[in-house]
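Counting from 29, one number per residue, gives the positions in the sequence shown under our numbering. What follows is a set of notes on a single structure, which appears directly below.
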Amino acid sequence: MTAFPAALRRLTALLLLAAAIPASAQEAPRPPAGKWVVDFAPSQCLASRLYGTGEDAVTLLVKPSPLGNVVQVALITKGRRGDAEQVAGAISVDDRAPADASFLAYNLEGGDKQVVNVANLSQQAFAPLRQATRVHIRAGARPDVTLQLTQMKQVTDALDTCVADLQTVWNVDSQSNGTIRQYAIPKRQFINLFTAEDYPSTAIRQAQTGDLSFVLLIDEKGALADCTIDQTSGVASLDAQSCFVFRTRAKFTPAVGADGQPAKSILKGIIHWVLPGGSTKPKRKYAEGVEE
């Protein structure tokens with residue numbers, strides 16, 4: 029039996045130990061460059077925090093859906109990329125094993141050159157972040173980012189309060205408290221808003237399908253104030269394309285309140301993204317909207 033030198037045995041042990049430690053634990057987390065900002069906006073709740081400055085700056089965003097069932101986690105970095113693209117990634121919280129995540133990467137509109145990588149997480153997937161001290165995010169080919177987290181319980185509690193306020197303002201509980209006499213009415217059936225050409229090419233190439241639920245906030249003028257995924261399909265491009273179609277094509281007659289005046293309200297629905305078996309061409313009637 030060959031005897032290895034003691035120095036080689038020590039080196040081998042160190043290498044094995046390093047391989048056993050998650051990447052997020054090996055990399056020193058980037059400290060925040062500013063405080064958390066929690067925005068109680070009229071149609072959304074959003075928390076953000078800046079890390080670093082200049083070209084190395086990274087902004088972490090957290091946005092829960094109006095019903096609180098899905099939370100968007102996003103990174104904004106400096107730079108520019110090509111067309112919007114779905115990229116595979118993972119999120120690792122503290123010393124937990126990485127959890128796979130589907131990100132949509134796209135250029136942020138405006139004068140600044142910035143790229144957004146955003147993932148829709150279920151509340152179950154987001155739960156470890158509520159009291160986390162560190163998060164490691166991998167999104168496609170861009171460099172991984174490890175961020176130091178502080179005050180996560182206070183921030184997520186504030187977002188919960190914001191969501192509760194949002195539900196009151198938009199009459200989410202109108203069925204129980206009688207604040208809405210007539211819900212907003214789409215001027216075209218949701219299924220007729222979608223065409224086969226809307227199926228994202230990246231999802232076609234990967235033969236990806238999925239079901240999702242969405243929440244639309246409709247104001248007193250019948251305008252779409254916000255579209256949010258409330259149950260993710262697990263495929264970033266399908267989630268994003270759904271809201272893109274609503275934002276660009278949907279028109280509404282506003283809801284009527286108990287006082288007979290136009291009122292804020294929500295519409296909920298489900299979309300089934302389906303590819304026919306063995307074909308890369310989607311069915312024309314693959315999207316189903318069910319408003320309540």
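Just so you know, even glycine gets a beta-carbon here, dropped at the ideal spot from N, CA and C. Since this is a predicted model, take the numbers as computed values, not measurements.
Counted within 10 angstroms of its Cβ, other Cβ atoms place residue i as buried (16 or more) or exposed
i	result
L136	exposed
A127	exposed
A283	buried
Q100	buried
S229	exposed
A169	exposed
S52	Only weak support exists for where S52 lies, its pLDDT of 42 falling under 50; the value from the coordinates is given anyway. So S52 counts as buried.
T189	exposed
T87	buried
T174	buried
T105	buried
K63	exposed
G117	buried
Q114	buried
A48	Residue placement at A48 cannot be trusted, given a pLDDT of 40 that sits under 50; what the coordinates show is reported in the next sentence. Exposed: under 16 other Cβ atoms inside 10 Å.
T184	buried
For residue i, the nearest candidate out of the options (CA to CA)
i	options	result
Q259	D226, I298, E113	I298
M180	V163, H164, L157	L157
V121	A278, Q176, F280, Y211	Q176
E225	P70, N148, V191, L266	L266
G110	G80, G206, Y134, T237	Y134
G285	Q269, E248, L303	E248
S130	I119, P290, D84	I119
V197	P70, V65, V66	P70
K141	V183, G107, A160	G107
V98	F242, F280, A212	F242
R209	N199, G82, I232	N199
A231	R58, V302, A61	V302
C271	A75, Y227, F154, V66	Y227
Residues of its chain near residue i, where Cβ-Cβ distance is below 7 angstroms and the 5 sequence neighbours each way are ignored
i	result
A102	L89, V144, N145, V146
L244	L252, C255, F274, I294, L295
R277	L221
S261	G238, D239, L240, D267, W301
Start-to-end residues for the beta strand (DSSP E) that takes in residue i
i	result
T105	98-106
T256	252-259
L12	Since the first and last residues shown for the chain are 29 and 320, residue 12 lies out of range.
T174	173-176
A322	Since the first and last residues shown for the chain are 29 and 320, residue 322 lies out of range.
Neighbourhood of residue i by C-beta distance below 8 angstroms, restricted to the same chain and skipping five residues each side
i	result
L36	Legend: pLDDT at L36 = 33, less than 50; position of this residue unreliable, no value from coordinates given.
Endpoints, the alpha helix (DSSP H) within which residue i is located
i	result
L266	264-277
Any chain B beta carbon closer than 8 angstroms to residue i
i	result
L89	Checking the listed chains, one finds no chain B in this structure; it contains a single protein chain.
Close Cβ partners of residue i (< 6 angstroms) along its chain, the five nearest in sequence each way excluded
i	result
A56	none
V191	C73, P92, G96
A112	Y134
L78	A61, G62, T87
T281	I213, G250
P290	E248, P282
| field | Segments assigned beta strand (DSSP E), at least 3 residues, entirely inside the segment 204-237 | value | 208-210
| Uninterrupted alpha helix (DSSP H) stretches inside the segment 180-206 (no shorter than 4 residues) | 180-197, 202-205
| said: In chain order, what are the residue ranges of uninterrupted alpha helix (DSSP H) at least 4 long that sit wholly in the segment 52-78? | reply: Those alpha helix (DSSP H) runs which fall completely within the segment 52-78 and span 4+ residues do not exist here.
| Completely contained beta strand (DSSP E) runs for the segment 92-163, where each covers 3 or more residues | 98-106, 113-121, 127-135, 142-150
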